[in-house]
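Data block below; observations after.
2 protein chains.
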Amino acid sequence: MDLFSLSLFIPYLEWDVTLQQVLMFMLQLGSATFLLTEPVISAMTTGAATHVVTSQVKYLLGMKMPYISGPLAFFHIYAYVFENIRSVQLEALLLSLLSIVVLVLVKELNEKFHRNIKVVLPIDLLLIIATSIACYYADMEYVYGIEVVGNIPKGLPSPKAPSMSVLPEVVTEAFGVALVGYVASLALAQGSAKKFKYTVDDNQEFLAHGLSNVIPSFFFCIPSAAAMGRTALLYSTGAKTQVACLISCVLILVVIYTIGPLLYWLPMCVLASIIVVGLKGMLMQFRDLKKYWNVDKIDWSIWVSTYVFTICFAANVGLLYGVVCTIAIVIFRFPRAKTLNLKNMKEVEYKYKVEDNCESLKQVKIVSVNSPLVFLNARKFHADLLKIIQKDGMSSQCEQNTLLCSFSNGSCHGELVQPCHSDRHVLILDCSGLNFFDYTGVSVLLQIYVDCKNRYIDVLLAHCKGSLIKAMQYGGNLDSENPVFFESISSAIDAIPIHRNYSKFSEQSEL
Amino acid sequence: MDLFSLSLFIPYLEWDVTLQQVLMFMLQLGSATFLLTEPVISAMTTGAATHVVTSQVKYLLGMKMPYISGPLAFFHIYAYVFENIRSVQLEALLLSLLSIVVLVLVKELNEKFHRNIKVVLPIDLLLIIATSIACYYADMEYVYGIEVVGNIPKGLPSPKAPSMSVLPEVVTEAFGVALVGYVASLALAQGSAKKFKYTVDDNQEFLAHGLSNVIPSFFFCIPSAAAMGRTALLYSTGAKTQVACLISCVLILVVIYTIGPLLYWLPMCVLASIIVVGLKGMLMQFRDLKKYWNVDKIDWSIWVSTYVFTICFAANVGLLYGVVCTIAIVIFRFPRAKTLNLKNMKEVEYKYKVEDNCESLKQVKIVSVNSPLVFLNARKFHADLLKIIQKDGMSSQCEQNTLLCSFSNGSCHGELVQPCHSDRHVLILDCSGLNFFDYTGVSVLLQIYVDCKNRYIDVLLAHCKGSLIKAMQYGGNLDSENPVFFESISSAIDAIPIHRNYSKFSEQSEL
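Sequences listed follow chains A and B, in order.
Quick note: the first sequence uses this note's numbering, first residue 1, plus one each step.
Quick note: the second sequence uses this note's numbering, first residue 1001, plus one each step.
Below you can see the structure in the form of C-alpha cells.
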C-alpha cells in the first residue's frame, strides 16, 4: 500500500507525524497494534483510496469544480458532477480513458509475463513522456483547453524549520496518518521478517518511523511510510540490504533535478489516470469482502460499516469507528463464552469406589476454570457453575430435606438437617486457567463459596495464584476450620476423606 | 443509595430520563449493565455525594456565595470559602454543628439498639420540628440573620406537559441520571430477588423505570429510583408485596398537603445538615478503598481515578471515564492471558507404547484451546503454541535433517527429506473451548497449520464448531488428502495410525 494516496489530501503533517510517532514509541503503544485488525485496516485504506479517486474525478472529466470538503463531501462531489454533466470536456475524458486502458493493459501484461521476461515496461514513465510531448507539439493547452501540470520548481527546496503554530490544527489528522503509516509499514516489516527469519519490535518501529520523518519535515515532504509495490520490486530484483534503498534514493534525486521541469506539459487528466490506476490494488480490497463473509459475518459487517464511515467522513474517523466497533463487539461476545469445563472424573470416581463402595460415586466434582474471571464473564461463570451443581442432583437430596424441614414447622432443626451434613458433596475448582481476575471476579467466587455452603457442598480451590488466595481471604468469611486452597487437585482430593470420616462418625454417633 | 443527592444538582430531567430509559429498553441495553462494575459505581456515587456536600457548604457556614459551576467548580467553591472565611456566620455554623452531632449520634444509637427496641426515633423529623419552632419563637431570621427555607407551595402542582425544547440541552446529563438510577435500582432488585427467590429481567427493569417516570414528568418531579434506606425499612417492618408502597405513598401525600407550609421557618443550615448526614452512607464508601486495595490493585486505581474525574467534572463524566477505563484495562490484560493447556497424555502415550514400542512416546501432543480466538489473544496463542511445539524437540530432529540438506547443496531432496516424513509428529488441537472466533483468529489457526506443515507436524482439530470448519476450509489451503477435522479426540487419535503405517511402509521400501 502506498501512502501517497492518503498524503494527497492531508498534506503538511510531516512534523506532527514525527512528533506523534516518537510520542507513541515513548508510550510504548506498539503493543496496542493488535487493536488494529485486518478488516479495519483494509476497509479504511479502501475508503481512503475511494476518496482519492473522488478527488481526481474533476481532472479525469476536465471539469472546473469548486473545492468541496467536510462531512459527506464525497456525495456532494458526485452530486455536483451529475448536476454539471454537460460541462465535461470530451477531449480530457477521451485522453483519460485512453490512458487508463493503456496503463491497466500494460500492467496486466507486465505481471503476466513477469516470470518469462525479466524486464518490466515502465509504462507510467513512457505515458508521461509521450503525452507531455504530444501536448507540447499539438499545443493542447490552448487548442483544446486541456489543463496541464504547469511549472514545477527544480530540485529540492531550501530547508526550513517546520511551523509549530500549525500543530494544534492538524493534530487529529496527523494522528490518523501516523497510525496508518506505521501499521502499513509494520505489516510489510513482519512479512519481510518472516521471509528472512528475523523478528520485529513493534515499539522500535514507532521510534524508527518517527525519527525517519525528522529530516523530511524540514523539506515539506509528505509523511513517509513503507510502500508495498516498491518493497515487492526490491525483493524481485534480489535486494537484501539497505544499500538497495541508497541506490534508489540517488536515482530519485537525479530525476528531481533533471526531469521535473520537463513535466510542465503533462496533462492533468493523464496524471489523474496514473494516480487512479496506481490505487487499483487498494480498491481491489473489495474482493476481501467475500473472504470475510465466509470466515466471519461480524468482521464482514465491521468492514462494510468502517468503509461507510470512511467514505462519509474521513480516514481517521473510519479508523476510530472501526477500532471502537471491534472492541465493543468483543466485549459483548465475551459474556457468552464458556468459562469452565467438567474434568474427566474417572480416576476420582474409581478411587472412591474402592474405598467406600459405590455409594460415593457422585461425591466429587472437579471443574476447571478456563478463563480469566473479570466483570465480562463473572455472571456467566456463576450461572454455569450453579447449573453444574444443580444438574445430577448434586444438592437435590439436601434441598428436599430442607423443604421437609420447613413444612414440619421448624422443630426438626437438630435431627433432620444433620444427616445432610453427612452427605456433603465436594466441588473442586481447578483455577490453573484463571490467569487474572478483578474485584467482580473475586466477589463471584466468594458468592459461589457461600451458595455452595448453603447447599452443603464443600468448595476446594486448587492451583490458585497467591494474589487470588490473598484477595479471597481478605474479601470474605471463608471457613476457618477446613482448608480451602490446595496446591494441586490430588492434594485437594486427599483432603476430602477427613470430612467424610468426620461426618460418618457424627452420623453413626447419632444412630 | 438515595438518588436525592444526584437529583439535587441535575433537576428537571424527568421527561428525558423517561425517554432514555424506554429507549435503552428498546435497544435491550439491560444486557450491557455488566460494564458498570462495582468499583466504578461506588466511586461515582461517592463523588456525587461529595459534590452534594460541597453544594451545602455555604448553607452550613451561613455564607453568601455566588453560584459556581463548570469543570473544577469543586475546587473553586472551596477556594472561595477559604478566601472569604471571615464572612462565616457563627450562629449558623454552631447550629449546623449541633444538628450534625445530634443526627449522627441518634442514628448510631438507633442502629445499635435496633434489635432490642423495635421503635426507631425519627430524629430528622424531630429536629425539623424543634428547630422550626425555635426559629419562629426566637425570630432568628431577623435577630441573627439566619437563612430559612421560606415559602413552600402547598400540595401538588397542577399537571403540565413537559417542555420538549429543553430535551437537547439535558440529554447528556439525563443519560447519566437514567443510567445511575437504573443501576442503583437494579442492584436492590437483585438483592431482593435473591432474598425472595425470584429472577429479575435486566431489560424489563429498564422499561419499568422508564414508564414509572412518565406520570411524575407531568408534575416536575425529580427522576425516581429505588432507595436503599427505604427498602431496608420496608424489609424490617415485614413488607412483602407492593401494597406497602401504596400505604407509604398515601402517608407522603398527607405530609405534602398538611406539613409543607409549616416548614417556612426551618433554618437552611439545619436542612443542609440533614442532607449531609443523609449522605453519610455514600461517603462511607471511602472505606471500600481498603477492600479494593487488598483484592485488586487495578480496581483500586479505577476507583480513585473515577472519583477524581467525578470530583473535577461531573458524575456522568466520571461514570463514562470509569467504564472506558475498565474496558481498556481488560482489553490490555487479555492479550497476556494463557490460551491453551497441555492435556494429560498418559492414555495416548500408553496406547502407542503397546503398539509400537517405546520409540513413539513423543509422537502425539494434545493441546486444548481454552479461550475464544480473537484479535485480543490470537498473537499470544500463536506464540504459546509455537513454544509448545519447539519444547521437547517436537520438530528438532526434522530441522536438523533439513539443515544437513541445505549444507549438502540441495542434491539430497529425494533421500534425506523422506525419512523425516516417516517421523511425522502429530498435534491434536481440542477446540471444545473455542467458543467464538473472528477473522484474525482463523488466520492464526491457518498460520499454525502452515507452520506445522513446514516442520513435518500433522495438525488435527477436534471438537470444532461447524462455522469454524467452514471458515478454515474457505480461508486456507488445507491438506485435501488427509482429514483435518474430527468429532472427538479419540477419533483423531484413531486416524493417526494410517499416516504412520503409510510412512513406515515408505521407510521400509526405501531401506
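Using N, Cα and C, we set each Cβ at its ideal position, and we do this for glycine too.
Please read all numbers here as calculations on a predicted model, not as lab measurements.
Integer-rounded CB distance, given that residue j should sit under 8 Å from residue i
| i | j | result |
| --- | --- | --- |
| L1279 (chain B) | V1101 (chain B) | The Cβ separation is near 16 Å, so there is no contact. |
| V1148 (chain B) | Y1264 (chain B) | 7 Å |
| V323 (chain A) | L35 (chain A) | 5 Å |
| A1048 (chain B) | T1241 (chain B) | The pair is not a contact, with the Cβ atoms about 32 Å apart (cut-off 8 Å). |
| L60 (chain A) | Q89 (chain A) | That pair is no contact at about 10 Å. |
| A471 (chain A) | V442 (chain A) | 5 Å |
| L386 (chain A) | S368 (chain A) | The pair is not a contact, with the Cβ atoms about 17 Å apart (cut-off 8 Å). |
| F1025 (chain B) | G1176 (chain B) | Incorrect: roughly 17 Å between the Cβ atoms, too far for contact. |
| N1151 (chain B) | S1031 (chain B) | The Cβ separation is near 47 Å, so there is no contact. |
Under 9 Å by beta carbon: chain B residues contacting residue i
| i | result |
| --- | --- |
| F313 (chain A) | Going along chain B, no residue has its Cβ under 9 Å from F313 (chain A), so there is no contact; the nearest lies around 21 Å. |
| R287 (chain A) | Going along chain B, no residue has its Cβ under 9 Å from R287 (chain A), so there is no contact; the nearest lies around 14 Å. |
Option nearest residue i by Cα separation, candidates the options
| i | options | result |
| --- | --- | --- |
| T1131 (chain B) | B:K1107, B:S1099, B:T1054 | B:S1099 |
| V250 (chain A) | A:G155, A:K465, A:P122, A:V88 | A:G155 |
| P1039 (chain B) | A:I493, A:F486, A:Y439 | A:Y439 |
| R115 (chain A) | A:T237, A:K58, A:P122 | A:T237 |
| C967 (chain B) | B:V1200, B:L1126, B:E1111, B:P1159 | Outside the displayed range of chain B (1001 to 1511) lies residue 967 (chain B), so it cannot be described from this structure. |
| Q390 (chain A) | A:I331, A:R333, A:R455, A:I366 | A:R455 |
| F1206 (chain B) | B:A1189, B:Y1198, B:Q1473, B:F1218 | B:A1189 |
| K1107 (chain B) | B:L1095, B:P1122, B:L1097, B:L1094 | B:P1122 |
| Q285 (chain A) | A:I41, A:E487, A:V88, A:T37 | A:I41 |
| A1462 (chain B) | B:V1317, B:F1485, B:T1339, B:L1446 | B:F1485 |
| I1325 (chain B) | B:G1191, B:W1300, B:M1268 | Going by the sequence as given, residue 1325 (chain B) is Cys instead of Ile. Closest option to C1325 (chain B), Cα to Cα, is B:W1300. |
| T231 (chain A) | A:G466, A:T199, A:C245 | A:C245 |
| Y1078 (chain B) | B:A1092, B:G1070, B:P1071, B:V1057 | B:V1057 |
| I1428 (chain B) | B:P1267, B:A1492, B:L1386, B:H1382 | B:A1492 |
| L1167 (chain B) | B:C1452, B:L1019, B:D1288 | B:L1019 |
| G145 (chain A) | A:T46, A:A383, A:C135 | A:C135 |
| I469 (chain A) | A:L434, A:V450, A:K453 | A:L434 |
| V1270 (chain B) | B:V1170, B:E1111, B:E1091, B:A1328 | B:E1091 |
| V1364 (chain B) | B:Y1292, B:V1459, B:K1112 | B:V1459 |
| T1172 (chain B) | B:L1376, B:L1319, B:A1073 | B:L1319 |
Where the beta strand (DSSP E) through residue i begins and ends
| i | result |
| --- | --- |
| I1366 (chain B) | 1364-1369 |
Residue i: first and last residue of the uninterrupted alpha helix (DSSP H) it sits in
| i | result |
| --- | --- |
| H1114 (chain B) | Unbroken run through H1114 (chain B): none, as it is neither H nor E. |
| K291 (chain A) | 288-295 |
| Y1136 (chain B) | 1123-1138 |
| Y78 (chain A) | 73-83 |
| Y1182 (chain B) | 1167-1196 |
| Q1242 (chain B) | Note, Q1242 (chain B): premise wrong, no alpha helix (DSSP H); not H, not E. |
| Y321 (chain A) | 315-333 |
| D384 (chain A) | 378-390 |
| Y1059 (chain B) | 1038-1061 |
| G70 (chain A) | First-last for G70 (chain A): undefined, no H or E at that position. |
| S1212 (chain B) | 1202-1212 |
Bridge-paired residues (DSSP) for residue i
| i | result |
| --- | --- |
| A1462 (chain B) | B:D1430, B:F1486 |
| L1340 (chain B) | B:V1369 |
| A1437 (chain B) | Residue identity check: residue 1437 (chain B) is Phe in the sequence provided, not Ala. DSSP lists B:L1373 as partners of F1437 (chain B). |
| I1457 (chain B) | B:H1425 |
| P1267 (chain B) | B:V1148 |
Within chain A, partners of residue i - CB distance below 7 Å
| i | result |
| --- | --- |
| A1337 (chain B) | P372, N435, F436 |
| R1379 (chain B) | F34 |
| G1150 (chain B) | Residues of chain A passing the Cβ test: none, with the nearest at roughly 46 Å. |
Interface residues of chain B facing residue i [CB-CB closer than 7 Å]
| i | result |
| --- | --- |
| T440 (chain A) | T1037, E1038 |
| D299 (chain A) | D1438, Y1439 |
Interface partners of residue i on chain A, CB under 9 Å
| i | result |
| --- | --- |
| V1450 (chain B) | Within 9 Å Cβ-Cβ: nothing; V1450 (chain B) doesn't reach chain A, min ~11 Å. |
| F1375 (chain B) | F34, L35, L36, T37, E38, T326, V330 |
| N1341 (chain B) | S368, N370, S432, G433 |
Within chain B, the residues that residue i reaches when beta carbons sit closer than 8 Å
| i | result |
| --- | --- |
| G513 (chain A) | Lying before the first or after the last residue shown, residue 513 (chain A) is absent from chain A, which here runs from 1 to 511. |
| R333 (chain A) | P1372, V1374, F1436 |
Chain-ordered chain A contacts of residue i [CB-CB under 8 Å]
| i | result |
| --- | --- |
| A1471 (chain B) | N294, V295, D296 |
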